[in-house]
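Asker: Quick note: the sequence shown uses my numbering, first residue 1255, plus one each step. Backbone N, C-alpha and C fix where the C-beta goes; we use that ideal spot for every residue, glycine too. Here the structure is a predicted model, which is why all the values come from computation and not from measurement. Dropping the structure in here first, questions after.
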Amino acid sequence: MSHQLHRFKSQQAICGCSRPEQACIFNSVRSRHTLFRLSGVKNSLEGFTSRIGVLENSMEEHGRLIGGIETKQKEMTAVLASQPIASASLTKDTNERIVRLQSQLLSAQLVLTGVLEEAREGTKALLCTILNRLGATVSETEIMRVNRMGRRPVRSFRSIAIVCSNPGLVDSILTAKRRFGLLKALQIVSTWSPEVVVNLNRRMLSSLQKLRRLILEKCPTIPPRSVWIVDDGVLVRKSAAEKPLRV
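Structure below.
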């Protein structure tokens, strides 16, 4: 009641003033209101700027890690280029070394398949959901990059390439996947198909994958489990009694 009476008296005081005085009073009130709003906007901007600073520091750290990998790759390439080659074609030893080094560069990467592709998807958040479902203890900062691979096909889903901070993290994730067993898409998102199987595997060189497929095509009697990829080639075990052969 006292507030309303004060407001009424203020209005009476303003009405009793001349027009220039009223305009001056209204301008003063408007300026105070504007300053109050600007103060709130300033506080919001300061908080937003602080969050951006944290994000930039995290991105700089990730950039340094990725830069270190790229630098290592360039150094390895330079070492190989400086070695004398007996002929125009690479020797077998040099070729095996190149394959081994390329495999080492992929040792901190995974490939995720069978995940529905949507128009606006957060692949990193989706990956964290899948890892939590598998029971793998992984921090979001340990996942460097998560991207779809290649062009989008018509009747299937593109695989997802995952770059981790170190090879040990890849091993722990694969161990959690083996403990969990078969993972269906329905177990990740309730609206996804219960028939689609989601697979998570170590990323391998495409050349070694093609070689493995070729061996299985040429030798259909050999079980797929008896042909597997290693760092510098493909191993084939013809029978349980024989030692594996390197191809």
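1) Starting from residue 1377, trace the alpha helix (DSSP H) in both directions and tell me its first and last residue.
2) Under 8 Å: do the stretch 1446 to 1453 and the stretch 1421 to 1429 share three or more Cβ pairs, one atom per stretch?
3) Leaving out five residues before and five after residue 1453 in sequence, what residues of the same chain have Cβ atoms less than 7 Å from its Cβ?
4) Give the DSSP-derived three-state secondary structure of residue 1397 in the structure shown.
5) Could you compute how far the alpha carbon of residue 1382 sits from the alpha carbon of residue 1288?
6) Which residue or residues does DSSP assign as beta-bridge partners of residue 1363?
7) How many angstroms separate the CA atom of residue 1389 from the CA atom of residue 1417?
8) The beta strand (DSSP E) spanning residue 1467 covers which residue range?
9) Of the residues 1377, 1294, 1493 and 1429, which one's Cα is nearest the Cα of residue 1414?
10) Using CA atoms only, rank isn't needed, just tell me which of 1412, 1361 and 1370 is closest to residue 1441.
11) With 16 as the cutoff for other CB atoms within 10 Å, does residue 1420 come out buried or exposed?
12) Given a cut-off of 9 Å, decide if residue 1459 and residue 1483 are closer than it, judged by their beta-carbon atoms.
13) Between the Cα of residue 1432 and the Cα atoms of 1411, 1456, 1412 and 1410, which residue gives the shortest distance?
14) In or out: residue 1406 buried (at least 16 other Cβ within 10 Å) or exposed?
15) Look at the alpha carbon of residue 1365 and the alpha carbon of residue 1402, and state the distance between them as a whole number of angstroms.
16) Following the continuous beta strand (DSSP E) through residue 1482, name the residue where it begins and the one where it ends.
Answerer: Let me lay it out:
1) Looking at the DSSP string, the run of the alpha helix (DSSP H) that includes residue 1377 is 1377 to 1388.
2) no
3) Taken in chain order, the residues that qualify are 1367 and 1368.
4) In this structure, residue 1397 counts as strand in the three-state DSSP scheme.
5) 44 Å
6) In DSSP, residue 1363 forms a bridge with 1417.
7) 19 Å
8) No beta strand (DSSP E) holds residue 1467; the alpha helix (DSSP H) holding it covers 1460 to 1472.
9) 1377
10) Comparing alpha-carbon positions, the option among 1412, 1361 and 1370 lying closest to residue 1441 turns out to be 1370.
11) By the 10 Å Cβ count, residue 1420 comes out exposed.
12) yes
13) 1456
14) exposed
15) The alpha-carbon atoms of residue 1365 and residue 1402 are separated by roughly 10 Å.
16) 1481 to 1484
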